[in-house]
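Asker:
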Amino acid sequence: MKLLSQRSGGRFLRYNLITVTLLLLVGFFWVYPFFWAIAGAFKTQSGLFTSGISLWPNEWDFSNFQRAWVTAGFGQYFFNTLLYSTASTVIELFKSALCGYVLARYRFPGRNLLYALIVATLFVPLASIVLPQFLVVESLGLLNTQAGVILAFSGATGALYVLLFVNFFKGIPEELFDAAKVDGAGFVRLFRLVFPLARPVIATVVIFNFIATWNDFNIPLIYTLSAPDLRNLAVGMFAFQGENSFDWTGFAAGTVISFVPVLLVFLAFQGYFVRGLSGAVKE
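Note that the numbering used here numbers the sequence shown so that position 4 is 241, with each residue one more than the last.
1) Is it true that the CB of A490 sits closer than 8 Å to the CB of A305?
2) Which residues does DSSP list as the beta-bridge partners of F483?
3) Which two residues bound the contiguous alpha helix (DSSP H) that contains N301?
4) How is K519 classed by DSSP in three states: helix, strand or coil?
5) Leaving out five residues before and five after F447 in sequence, what residues of the same chain have Cβ atoms less than 8 Å from its Cβ?
6) Between G508 and F311, how many whole angstroms is the CB-CB distance? I'm expecting something under 8 Å.
7) Short of 7 Å in beta carbon distance, which residues of its chain neighbour L504, apart from the five on each side in sequence? Order them along the chain.
8) Our contact map puts R348 next to L340 with C-beta atoms below 8 Å; I'd like the distance itself, whole angstroms only.
9) Once the 5 residues before and after Y352 are set aside, which same chain residues still bring their CB inside 7 Å of it?
10) When you compare only the Cα positions, how much space is there between E525 and P369?
11) Please say whether T450 and K280 have beta carbons closer to each other than 8 Å?
12) Entirely within the segment 376-455 and at least 4 residues each: give me those alpha helix (DSSP H) ranges in chain order.
13) What's the call for I494, buried or exposed, on a 16-neighbour Cβ count within 10 Å?
14) Is DSSP giving R344 helix, strand or coil here?
15) Output yes or no for whether 8 Å exceeds the beta carbon distance between E296 and G284.
16) Could you check which residue in P294, R468, S333 has the C-alpha nearest to that of F428?
17) Please check the pair I409 and L434, which I expect to be a contact at CB under 8 Å, by giving their CB distance rounded to whole angstroms.
18) Near R426, what residues of its chain come up, given a Cβ to Cβ distance below 8 Å and the 5 sequence neighbours on each side ignored?
19) Within 10 Å of its beta-carbon, does G337 have 16 or more other beta-carbons around it, so buried, or fewer, so exposed?
20) Return the chain-ordered list of same chain residues with a C-beta closer than 8 Å to the C-beta of L241, the five sequence neighbours on each side being excluded.
21) In whole angstroms, what is the alpha-carbon distance linking T258 and G264?
22) Which same chain residues, not among the five before or five after F483, have their C-beta less than 8 Å away from its C-beta?
23) Measure the alpha-carbon distance for G516 versus F405 and round it to whole angstroms.
24) What residue from L292, F424, S391, L319 has the CA that sits closest to I275's CA?
25) Over the uninterrupted alpha helix (DSSP H) stretch that includes L363, give me the two end residues.
26) What does a CB cutoff of less than 7 Å around Q313 pick up in its chain, not counting 5 residues either side in sequence?
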């Protein structure tokens, strides 16, 4: 038995080594283009194509970032994107939290129908609401304005976020609400009481919505056609396209500038990310 156990343990170890080696190889090939793009931001135009697959620049060129930030207008695009992503995320967060709270804690006529309609929107392509959204923004006189872009970003139903909050608020003990009601807490105070408890779900909504808004291309393009200065980073990438050439190293520098804030947001909230998806953890 001891010999059999040793053989099984040795076989298991070999399988683990093979699996880990394969995963490392797959991971390397998956992240290599990402690191190559980062390295390209520090290379010269000629060095980008002559260095082949090497990640280390033959000659360092930090002017790519200056060219991207100033010449290509990424400074303005960056602050536009930050405004759009932050404002729409805050609006989406409180909108979905309030909706989820009401659906989870209150019973009213039409509640089940409303819940079913919200779930049904998960299967509606976002492209199908572009035209009605555009007409609404236009009728409000907000075309080619930052407020119009923010309204378009936060005008979707956010059905997934609502469902996460519904699932979380349903799991809060009823005794907590009863005790608060005895103390005279109304709707607003009850919501303010339980909202901080939903930190895992809040983190998930912030990550999902911030990243989606930061990287969105269609909405900033459609709603700022006559106002190029209001574009975001994704649309601003066109600034590197010349009439007969393309600024590849400037484009790489712009890519680095665009993904750093997203990475920071993810790292800041990653501790709650998995728990927020499940919606099952209360703190």
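Glycine is no exception: its CB is placed at the ideal position from the N, C-alpha and C atoms.
Answerer: In short, the structure shows the following:
1) By 1-based counting over the sequence shown, the position of residue 305 is 68. By 1-based counting over the sequence shown, the position of residue 490 is 253. Contact flag set, yes.
2) Against the sequence shown, residue 483 aligns to sequence position 246. According to DSSP, residue pairing for F483 in a beta bridge involves Q478.
3) Along the sequence shown, one-based indexing puts residue 301 at 64. Residues 300-303.
4) As a first step, residue 519 must be located in the sequence shown, where it is residue number 282. With a pLDDT of only 44 at K519, under 50, the local geometry of the prediction cannot be trusted, and the value read off the model is given with reservation. Looking at K519 - three-state DSSP - the assignment turns out to be coil, as it is neither helix nor strand.
5) Position 210 of the sequence shown holds residue 447. These residues qualify, in order along the chain: S322, T323, T326, V499, V502.
6) Locating residue 508 in the sequence shown gives position 271, counting from the first residue. Locating residue 311 in the sequence shown gives position 74, counting from the first residue. Wrong, their Cβ atoms sit about 31 Å apart, outside the cutoff.
7) On the sequence shown, position 267 is the one that residue 504 refers to. Scanning its chain for C-beta atoms nearer than 7 Å, with the 5 sequence neighbours on each side dropped, one finds no residue around L504.
8) By one-based count along the sequence shown, residue 348 stands at place 111. By one-based count along the sequence shown, residue 340 stands at place 103. That belief holds up - the Cβ atoms of R348 and L340 are roughly 7 Å apart, short of 8 Å.
9) Here residue 352 corresponds to residue number 115 of the sequence shown, with the count starting at 1. Correct list, in chain order: L340.
10) Past the edges of the chain, shown from 238 to 520, lies residue 525, and the structure says nothing about it.
11) Sequence index remark: in the sequence shown, residue 280 carries index 43 (1-based). Sequence index remark: in the sequence shown, residue 450 carries index 213 (1-based). No. Outside cutoff.
12) Fully enclosed alpha helix (DSSP H) runs of no fewer than 4 residues occupy 383-390, 396-407, 411-419, 424-431, 436-452 of the segment 376-455, in order along the chain.
13) Numbered from 1 along the sequence shown, position 257 holds the residue referred to as residue 494. Counting of Cβ neighbours within 10 angstroms places I494 among the buried residues, the total reaching 16 or more.
14) Working through the sequence shown from its first residue, we reach residue 344 at position 107. In this structure, R344 counts as coil in the three-state DSSP scheme.
15) Within the sequence shown, numbered from 1, the residue matching residue 296 stands at position 59. Within the sequence shown, numbered from 1, the residue matching residue 284 stands at position 47. It is a contact, given that the beta carbons lie within the stated cut-off.
16) By 1-based counting over the sequence shown, the position of residue 428 is 191. Per the Cα distances, S333.
17) As a first step, residue 409 must be located in the sequence shown, where it is residue number 172. As a first step, residue 434 must be located in the sequence shown, where it is residue number 197. At roughly 7 Å, the Cβ-Cβ gap stays under 8 Å, so I409 and L434 are in contact.
18) Here residue 426 refers to the residue found at position 189 of the sequence shown. For R426, the CB contacts under 8 Å within the same chain, skipping 5 residues up- and downstream, are A417 in chain order.
19) Sequence index remark: in the sequence shown, residue 337 carries index 100 (1-based). When all chains shown are included, G337 counts as buried.
20) To locate residue 241, count along the sequence shown from 1; it is residue 4. Here L241 scores only 46 on pLDDT, less than 50, and its place in the model should not be relied on; the value that follows carries that caveat. When the five nearest sequence neighbours on each side are left out, no beta carbon in the same chain lies closer than 8 Å to the beta carbon of L241.
21) For the purposes of this step, residue 258 is taken as residue 21 along the sequence shown, with counting starting at 1. For the purposes of this step, residue 264 is taken as residue 27 along the sequence shown, with counting starting at 1. CA-CA distance, T258 to G264, rounds to 10 Å.
22) For the purposes of this step, residue 483 is taken as residue 246 along the sequence shown, with counting starting at 1. For F483, same chain residues with a beta-carbon under 8 Å away, outside a window of 5 residues either side, are F477 in chain order.
23) Indexing the sequence shown from 1 puts residue 516 at position 279. Indexing the sequence shown from 1 puts residue 405 at position 168. Note on G516: pLDDT 46, under 50, position unreliable in the model; no value is reported.
24) Residue mapping note: residue 275 aligns to position 38 of the sequence shown, counting from 1. Among L292, F424, S391, L319, the Cα nearest to that of I275 is on L292.
25) Counting from one through the sequence shown, the residue named residue 363 turns up at place 126. For L363, no alpha helix (DSSP H) run applies, since DSSP gives it neither H nor E.
26) Stepping through the sequence shown from its first residue, residue 313 is reached at position 76. Taken in chain order, the residues that qualify are D466.
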